[in-house]
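Enquirer: Questions regarding the structure given below will be posed in turn.
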Amino acid sequence: MAQYKLLTPGPLTTTDTVKNKMLEDRCTWDDEYKNLTQAIREKLLTIGMASAREYTVVLQQGSGSFVVESVLQTALSDEDHVLIISNGAYGERMIKMAQVMKKNVTPVCFPYNETPDVNVLKKILERDDSFTHIAFVHCETTTGILNPIEEICEMAIQKNLKVILDAMSSFGGVPINIPALDIDYLISSANKCIQGVPGFGFVIAKQTSLELCEGNATSVSLDLYDQWKSMNIDGKWRFTSPTHVVAAFRQAIRELEEEGGVERRYQRYRSNNTYIINEMKKIGFEPYVESAFQSPIITTFLYPNKTFEFQDFYKYMKERGFVLYPGKLMDKPSFRIGNIGDLHRTDFEILIKIIKEYQMMKGEEV
Ligand SMILES: *Cc1c(COP(=O)(O)O)cnc(C)c1O
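What follows is the structure, given as structure tokens:
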């Protein structure tokens, strides 16, 4: 089978050593497996620079969205009011979830190529003092924009709001000091910057906040509080867990440590992202997001001209081992290049070389 390099923000290209951990079958009630779960929970605290005195980790079956939904289900009581910020599809998804659950939610939307304006947020919060929570996305994978986490968290501290952060596509790849930012719930999943395979996500939660959430959820499977209480006893998941995925994730964390931790991984991502953008600009591809807001995770490029056909380009690239990611903008034709996963400078040098060959073949300017 051909091994494609996935230039997508998860599922992504994993190492053979991560994949190999899935060749063994494991029992969910066995001590060895429960200890694996406990070790992962401990390691995730370290990655988030949090201590076990203040924070706890809950793992949850499903893709990342299931975990976002479980946090909204569990963290918000009938008395709470959440301000959900959006500048992309994942912010919009959170808004939709909260609305479907009939939580008390106020959405605030910004253009996809702009970061949330904290002055606008402050005005909303000043007009209405019923807000208890604020929820937002760190790296909006829709465009690759990186939202100003420090500014928004600082405002949340001033306004005494609990913070729900979708750090799905940034945690493990961008340093985040959870206690310093006073985040109440940080959400991420196995198949993003920690470079595992898909199947579960996790929440790093402030214990004093989660402790107050008993009975909030109107769903059994997505009740994060119950999942926590059960998992906290000895590492046993409530229902069947993705055992192979969990074992692979433990290995992925080991490899993050071997790489030198989050800071080093961030440098690799950042340097490769900068390389891609610089090289793409030279051959006529403009990034959609301003460089000051560009995340090191994924980049949206606009079509270089009117004759550009993404399907044709996609096919050409796939035949040569690279899988690109279609765009998600409403107004402008675009595509995306992700650079997280087990991908290195040489991979991107080859990528750029193939893109140049494609342009030569099409007779476009180089
Ligand atoms: C990947 C991702 C999610 C979760 O998506 P799933 O398809 O459910 O795994 C949520 N938010 C962001 C910002 C993401 O990048």
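Taking UniProt numbering, the leading residue of the sequence shown gets 1, the next gets one more, and so forth.
No residue lacks a Cβ here, since even glycine has one placed at the ideal position from N, Cα and C.
The structure presented is a predicted model; accordingly, all values stated were derived computationally and were not measured.
Can you have a look at Trp29 and say buried or exposed, based on whether 16 or more other CB atoms are within 10 angstroms of its CB?
Expert: Trp29 comes out exposed.
Enquirer: In whole angstroms, what is the alpha-carbon distance linking Gly196 and Lys315?
Expert: Looking at the two C-alpha atoms, the distance is approximately 26 Å.
Enquirer: Please classify Phe348: does DSSP put it in a helix, a strand, or coil?
Expert: Helix at Phe348.
Enquirer: Give the range of the alpha helix (DSSP H) segment to which Ser65 is assigned.
Expert: Residues Gly64 to Ala75.
Enquirer: Please report the straight-line C-alpha distance between Ala89 and Phe200, rounded to a whole angstrom.
Expert: The alpha-carbon atoms of Ala89 and Phe200 are separated by roughly 21 Å.
Enquirer: Given a cut-off of 8 Å, decide if Phe202 and Gln311 are closer than it, judged by their beta-carbon atoms.
Expert: Their beta carbons are not under 8 Å apart, which means Gln311 does not touch Phe202 by this criterion.
Enquirer: Starting from the Cα of residue 369, find the closest Cα among Ile298, Thr218 and Val108 and give me that residue.
Expert: The question about residue 369 has no answer here: the residues shown for the chain are numbered 1 through 366.
Enquirer: Taking 7 Å as the line, does the beta carbon of Gly64 fall inside it for any heavy atom of ligand 1?
Expert: For ligand 1, at least one heavy atom lies less than 7 Å from the Cβ of Gly64.
Enquirer: Is it right to say Ile355 is buried, meaning 16 or more other beta carbons lie within 10 angstroms of its own, or is it exposed?
Expert: The residue is buried, with at least 16 neighbouring Cβ atoms inside 10 Å.
Enquirer: I'd like to confirm something about Asp342: is its beta-carbon nearer than 7 Å to some heavy atom of ligand 2, or not?
Expert: As far as ligands go, the structure on display features ligand 1 and does not contain ligand 2.
Enquirer: Using 8 Å as the threshold, is the C-beta distance between Glu279 and Ile337 below it?
Expert: Not closer than 8 Å, so no.
Enquirer: Ligand 1 and Glu140: does the residue's C-beta get closer than 7 Å to at least one heavy atom of that ligand?
Expert: Glu140: yes, Cβ under 7 Å from ligand 1.
Enquirer: So what's Asp166 in DSSP terms, helix, strand or just coil?
Expert: If DSSP states are grouped into helix, strand and coil, Asp166 belongs with the strands.
Enquirer: From the DSSP output, in three-state form, read off Gln61 for me.
Expert: Here Gln61 sits in strand by DSSP.
Enquirer: Whole angstroms are fine: how far does the CA of Met97 sit from the CA of Thr8?
Expert: Those two C-alpha atoms are separated by around 24 Å.
Enquirer: Pull up the DSSP beta-bridge partners for Tyr185, would you.
Expert: Paired residue(s): Ile164 and Ala205.
Enquirer: Please determine whether the Cβ atom of residue 371 lies at a distance below 7 Å from any heavy atom of ligand 1.
Expert: Residue 371 falls outside the range modelled here, since the chain spans only 1 to 366, and no answer is possible.
Enquirer: Assuming Leu83 and Met101 form a contact by the criterion Cβ under 8 Å, report the distance between their Cβ atoms to the nearest whole angstrom.
Expert: 16 Å between Cβ atoms; not a contact.
Enquirer: Distance check for Ser221 and Pro107, CA to CA, integer angstroms please.
Expert: Roughly 26 Å between the two C-alpha positions.
Enquirer: When we look at the beta-carbon of Ile251 and count the other beta-carbons within 10 Å, is it buried (16 or more) or exposed?
Expert: Reading off the sequence shown, one finds Gln at residue 251, where the question assumed Ile. Buried, by the Cβ-count rule.
Enquirer: For Pro148, which residues from the same chain have a beta carbon less than 8 Å from its beta carbon, with the 5 sequence-adjacent residues on both sides left out?
Expert: For Pro148, where only same-chain residues beyond five positions count, the Cβ hits under 8 Å are Thr115, Pro116 and Val118.
Enquirer: So what's Leu12 in DSSP terms, helix, strand or just coil?
Expert: Coil, per DSSP.
Enquirer: Under the three-state reduction of DSSP, which class applies to residue 370: helix, strand or coil?
Expert: With the chain covering 1 to 366 only, the question about residue 370 has no answer from this structure.
Enquirer: Could you check whether Val68 and Ile187 sit closer than 8 Å to each other, using their CB atoms as the reference points?
Expert: Contact flag set, yes.
Enquirer: Taking 8 Å as the threshold (C-beta atoms), are Phe293 and Ile145 in contact?
Expert: For Ile145 and Phe293, yes; Cβs fall inside 8 Å.
Enquirer: Report buried or exposed for Gly48, applying the criterion of at least 16 other Cβ atoms within 10 angstroms of its Cβ.
Expert: Under this definition Gly48 is a buried residue.
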